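To keep things clear, I will list the structure first and then write my remarks on it.
Residue numbers (the working numbering), protein chains in the order written: chain A, 1453 to 2088; chain B, 1017 to 1315.
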């Protein structure tokens, strides 16, 4: 606890807030003792005088020094604030815990009443209560205390309701501890922190309310004075010297800020537990070795997408982190290429960076990146032309169809805007095309569906619509980033079949990202296997099960149980964990988990080398047989 | 429910005042017969329930009773003074929105993902400080600088358009700062969502992404708080009107509290409360219209 308080002081907000607060408390205690006399000395020579060396803020209509009066008024202002805060907090706690303690109909009534009162602004409640309790300091304290109570009560109710649902409270209840004891021992201590924060901030608001009330003449009455009262007196003389009104105003603002900042600083420290030291990580700062193996797969002219030495770099606390480290591949027109790998292998980032969807602070580097012959690295002469090319020829299908549509726009409109912005269609034609495209992705009753909002679509339907959105133009390449991961198994195959159909009908190429080897094997012509931000193998899908050369690829394939696999056969697994992008080791990144690893693997990083039939592999021990590790062995 | 509580509270208010409200209003020196006559006229001698039924019946006819001090019907005073207050509150609200939304959006776009740290710090600092200064203090400061110091605008009163400038600003600055912060935070959250990424994948113009895809989703979340701000603005007129001697309901309510003119207090409290309820209802309707998931029928 005490450490946390020290942390509050260490934050700039907390330091400023607490210093201001201590200053004001000191003033409240000592100002009346030190300067109480000076503040009431009547100087008939200087009535309503402006600021001078003698009177810094000037004097009031009796010639009393306003600077000292402002300082002395601190005590009354603060005292009233604290009393009203205490009153409001107590009433708030009572009303806030009442629904839980009383239960049943009575409890609900309290909740309902509190909700009604919360709907009205505090100042209005203050005025109503001020009428009832009468004008003056005592009335103001009661009025303001009562007026803040509903807000605190509501907060308290919410917090209490959150805690009473928890297991330990339920356990206490089952063991027969009575309600009051549960509240006092188990519930309130656990909601204390947010309550303290809000009471502190409320105290700031109360301070301002008092200033307001006294300013209106409804609060503190002469001869007593608080800041609000001084402001009211100053306002009438604002023509003569504005400081008389502004001086106390500045104090009010400072005091209000003191409470607010302190409250926010406490909230910040209690709310967010910052992670402590992360240890020393090895960061790959040296330049990535060039993995430029020309893919003699097809002549450049035929390539829809040509990527060479693509890297994605994030700034990190301990230097830059590079989750994608020099990836090179090409996709021919109409070709379906799959990318597989465990999470964190950089496969999704590779796809997103090609689509231009990786944002700051990440940066993308590549020696060469062309889509349909257009250089994506060069700053284009016309951003519009490139946007139109990418907007109509590159389709992207995202992982989670539930969150990838704008919830406040109709599905049809979300499709149609592609036509309107990139194909020069008018509203009507764009809508018609959207309906037509929904039909093309086998959405039933597309006219009606186009007018619906995303929440009215099921996950599978949304994914169809997402594919349809890509078909608004005439895509040459569809990038699908885990398009079926978020879907039910039965829907998965439908969406995959649709992707296949669309690809055939449109003649589009496909870049399919998946962690599921069997999905990629079903759909794609060629597979890129990624590990730790690199392509470790590039091979035809047909060779995947039988002729994979990289031990990682073989392990991945072996980890997929086939329908024919005997259920008694132990599941194959890959021992160890994937490499963290911030901790890429020297040598082959897979060495630590590889059954074939030798000293060479741990020292030298193998490059991606072309092999027979256009395939590529990055391994010192490619083709060497390796045993498959079963889950039981891995655990042993 | 809220309406009933409001009406009942404004009715009960006069009965909760300790002692005899009429005696308090007329002063200790008033002759007993006069006080008794007034009590009779106000119906204060009837049983509480009868008075309540009377009060409700009169309310339905728009009869709010008459002032103890001026004998004028309260409804007349209110209808005279309401336009000044309502125009002030509505203008201030429009100004706050017109400033806060573009500012919040711009700062969100400019500072997202840790860009332009200094802009972010300046914005955060400025908006916290401005949001923490109560409106009547802003009013006093504005008067001191622009009316007394520079003489650009009138110090007080409601005359021509220029007399609106300072009171509207005084009311709008604080809420605008708070609202801009909320808009920024909501925008930042929305800009990180998958559907904004989808919009970017469609290569839409930046303006369309921010205004058509991001903003409506940020506004839905902002609206609830915006409504509360507007409600507190309505109450804020009470203080600001007193700074500027604005001839509205805010001045009326304070004067009548001081002079213990309870029927007038009752009436004005009722009107202010109604204003707040209307705003809350409007916010609910707006939320329902903006958010396709809720239907108006569920209100």
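Glycine included, every Cβ here is placed at the ideal spot set by N, Cα and C. Treat the numbers as computed from the prediction; the structure is a model and nothing was measured.
Hey, could you find the ends of the beta strand (DSSP E) residue 1983 of chain A is sitting in?
By one-based count along the first chain, residue 1983 of chain A stands at place 531. From DSSP, the beta strand (DSSP E) with residue 1983 of chain A extends over 1978 to 1983.
Looking at chain A, is there any beta carbon in it that lies within less than 9 Å of the beta carbon of residue 1152 of chain B?
Locating residue 1152 of chain B in the second chain gives position 136, counting from the first residue. So yes, residue 1152 of chain B belongs to the interface.
Which value, in whole angstroms, describes the spacing of the CA atoms of residue 2008 of chain A and residue 1767 of chain A?
Indexing the first chain from 1 puts residue 2008 of chain A at position 556. Indexing the first chain from 1 puts residue 1767 of chain A at position 315. Those two C-alpha atoms are separated by around 31 Å.
Determine the DSSP secondary structure at residue 1653 of chain A, reduced to helix, strand or coil.
For this step, residue 1653 of chain A is matched to residue 201 along the first chain. In the structure shown, residue 1653 of chain A sits in a helix (DSSP, three-state: H, G or I).
Cβ-based neighbour list, residue 1669 of chain A, same chain, cut-off 8 Å, excluding 5 preceding and 5 following:
As a position in the first chain, residue 1669 of chain A is number 217, starting the count at 1. Here the set comprises 1587, 1684.
What number of angstroms, rounded off, separates the C-alpha of residue 1113 of chain B from the C-alpha of residue 1087 of chain B?
In the second chain, the residue the question calls residue 1113 of chain B occupies position 97. In the second chain, the residue the question calls residue 1087 of chain B occupies position 71. Cα to Cα, the separation comes out at about 41 Å.
Identify the continuous beta strand (DSSP E) that holds residue 1306 of chain B and give its terminal residues.
Residue mapping note: residue 1306 of chain B aligns to position 290 of the second chain, counting from 1. No beta strand (DSSP E) holds residue 1306 of chain B; the alpha helix (DSSP H) holding it covers 1278 to 1306.
Does the beta carbon of residue 1651 of chain A sit closer than 9 Å to a beta carbon anywhere in chain B?
As a working mapping, residue 1651 of chain A is identified with position 199 in the first chain. False, the Cβ-Cβ gap to chain B never drops below 9 Å.
In angstroms with no decimal places, state the Cα-to-Cα distance between residue 1301 of chain B and residue 1560 of chain A.
In the second chain, residue 1301 of chain B corresponds to position 285, counting from 1. In the first chain, residue 1560 of chain A corresponds to position 108, counting from 1. If you take the alpha carbons of residue 1301 of chain B and residue 1560 of chain A, they lie about 26 Å apart.
Between the region 1223 to 1238 of chain B and chain A, which residues of the former have a C-beta closer than 8 Å to a C-beta of the latter?
1224, 1228, 1229, 1232, 1233, 1236
List in chain order: all unbroken alpha helix (DSSP H) runs of 4+ residues lying wholly within the region 1171 to 1235 of chain B.
Within the region 1171 to 1235 of chain B, the alpha helix (DSSP H) runs of at least 4 residues that lie entirely inside it are, in chain order, 1178 to 1207, 1210 to 1217.
So residue 1934 of chain A and residue 1965 of chain A are in contact, right, with Cβ under 8 Å, and what is the actual spacing, rounded?
Along the first chain, read from residue 1 onward, the residue named residue 1934 of chain A stands at position 482. Along the first chain, read from residue 1 onward, the residue named residue 1965 of chain A stands at position 513. Correct: roughly 6 Å between the Cβ atoms.
Span of the alpha helix (DSSP H), counted from its first residue to its last, around residue 1755 of chain A:
Along the first chain, read from residue 1 onward, the residue named residue 1755 of chain A stands at position 303. First-last for residue 1755 of chain A: 1755 to 1766, but that is the beta strand (DSSP E), not the alpha helix (DSSP H).
Apart from the five residues on each side of it in sequence, which residues of its chain come closer than 6 Å, Cβ to Cβ, to residue 1413 of chain A?
What the structure shows of chain A is the stretch from 1453 to 2088, and residue 1413 of chain A is not part of that stretch, so it cannot be assessed.
For residue 1683 of chain A, return the contacting residues in chain B, with the cut-off set at a CB-CB distance below 9 Å.
By one-based count along the first chain, residue 1683 of chain A stands at place 231. Going along chain B in sequence order, the residues near residue 1683 of chain A (Cβ under 9 Å) are 1152, 1153, 1156.
On a CA-only basis, which of A:1564, A:1987, A:1570 is nearest residue 1800 of chain A? Give me that one, please.
Locating residue 1800 of chain A in the first chain gives position 348, counting from the first residue. The option with the nearest alpha carbon to residue 1800 of chain A is A:1987.
Note down, in chain order, every chain B residue with its Cβ under 8 Å from the Cβ of residue 1966 of chain A.
Against the first chain, residue 1966 of chain A aligns to sequence position 514. Simply none; closest approach about 18 Å.
Can you tell me which of A:1711, A:1971, A:1976 puts its alpha carbon nearest to the alpha carbon of residue 1656 of chain A?
Position 204 of the first chain, counting from 1, holds the residue named residue 1656 of chain A. Nearest of A:1711, A:1971, A:1976 to residue 1656 of chain A, Cα basis: A:1711.
Measuring alpha carbon to alpha carbon, tell me which residue in B:1279, B:1234, B:1126, B:1238 is nearest residue 1191 of chain B.
Counted from its first residue, the second chain places residue 1191 of chain B at position 175. Measuring from the Cα of residue 1191 of chain B, the nearest candidate turns out to be B:1238.
Checking 9 Å against the spacing of the C-beta atoms, do residue 1529 of chain A and residue 1659 of chain A come in under that value?
Sequence index remark: in the first chain, residue 1529 of chain A carries index 77 (1-based). Sequence index remark: in the first chain, residue 1659 of chain A carries index 207 (1-based). A contact, by the Cβ cut-off of 9 Å.
Residue 1988 of chain A - DSSP class collapsed to helix/strand/coil
Position 536 of the first chain, counted from the start, is the residue given in the question as residue 1988 of chain A. The answer is strand: DSSP assigns residue 1988 of chain A an E or B state.
Closer than 9 Å, Cβ to Cβ, to anything on chain D: give me those residues from the region 1243 to 1262 of chain B, in chain order.
Included in the structure are the protein chains A and B, with no chain D among them.
Quick check on DSSP: helix, strand or coil for residue 1596 of chain A?
The sequence position of residue 1596 of chain A within the first chain is 144, counting from 1. In the structure shown, residue 1596 of chain A sits in a helix (DSSP, three-state: H, G or I).
Nearest residue (CA-CA) to residue 1853 of chain A, options A:1815, A:1479, A:1869, A:1906:
By 1-based counting over the first chain, the position of residue 1853 of chain A is 401. Comparing Cα positions, the closest option is A:1906.
Taking 9 Å as the threshold (beta carbon to beta carbon), is residue 1142 of chain B in contact with chain A?
Counting from one through the second chain, the residue named residue 1142 of chain B turns up at place 126. By this cut-off, residue 1142 of chain B is not an interface position.
Residue 1739 of chain A to residue 2057 of chain A, Cα distance in whole Å?
By 1-based counting over the first chain, the position of residue 1739 of chain A is 287. By 1-based counting over the first chain, the position of residue 2057 of chain A is 605. Summary for residue 1739 of chain A: the model assigns pLDDT 39, below 50, so the residue's position carries little reliability, and this model does not support an answer.
How many angstroms separate the CA atom of residue 1299 of chain B from the CA atom of residue 1249 of chain B?
On the second chain, residue 1299 of chain B is found 283 positions in, with the first residue counted as 1. On the second chain, residue 1249 of chain B is found 233 positions in, with the first residue counted as 1. Distance between the alpha carbons of residue 1299 of chain B and residue 1249 of chain B: 15 Å.
Which term fits residue 1056 of chain B, buried or exposed, when burial requires 16 or more other beta carbons within 10 angstroms of its beta carbon?
In the second chain, the residue the question calls residue 1056 of chain B occupies position 40. Taking every protein chain shown into account, the CB of residue 1056 of chain B has fewer than 16 other CB atoms within 10 angstroms, so this residue is exposed.
Can you tell me whether DSSP reads residue 1820 of chain A as helix, strand or coil?
Taking the first chain and counting its residues from 1, one reaches residue 1820 of chain A at position 368. DSSP places residue 1820 of chain A in strand when its eight states are reduced to three.
My guess is that residue 1185 of chain B and residue 1158 of chain B are in contact by the Cβ rule of under 8 Å, so how many angstroms apart are they, rounded?
The residue labelled residue 1185 of chain B in the question sits at position 169 within the second chain. The residue labelled residue 1158 of chain B in the question sits at position 142 within the second chain. The distance from the Cβ of residue 1185 of chain B to that of residue 1158 of chain B is about 6 Å, consistent with a contact at the 8 Å cut-off.
If you drop the 5 nearest sequence neighbours on each side, which residues of the same chain put their C-beta closer than 7 Å to that of residue 2045 of chain A?
Numbered from its first residue, the first chain carries residue 2045 of chain A at position 593. Only 2026, 2027, 2028 meet the Cβ criterion.
Mark residue 1262 of chain B as exposed unless 16 or more other C-beta atoms lie within 10 angstroms of its C-beta, in which case mark it buried.
Against the second chain, residue 1262 of chain B aligns to sequence position 246. Looking at its Cβ environment, which holds 16 or more other Cβ atoms inside 10 Å, residue 1262 of chain B is buried.
So which residues on chain B does residue 1770 of chain A lean against when the C-beta distance must stay under 9 Å?
By 1-based counting over the first chain, the position of residue 1770 of chain A is 318. Residue 1770 of chain A does not reach chain B, its nearest Cβ partner there being about 17 Å away, counting only Cβ pairs nearer than 9 Å.
So which of A:1837, A:1709, A:1701 has the shortest CA-CA distance to residue 1664 of chain A?
For the purposes of this step, residue 1664 of chain A is taken as the residue at position 212 of the first chain. The shortest C-alpha separation from residue 1664 of chain A is found at A:1701.
Separation of residue 1080 of chain B from residue 1071 of chain B, as counted between CA atoms
Looking up residue 1071 of chain B in the second chain gives position 55. Looking up residue 1080 of chain B in the second chain gives position 64. Spanning the two alpha carbons is a distance of roughly 8 Å.
Positions along the region 1811 to 1822 of chain A whose CB lies within less than 7 Å of some CB in chain B
1811, 1812, 1813
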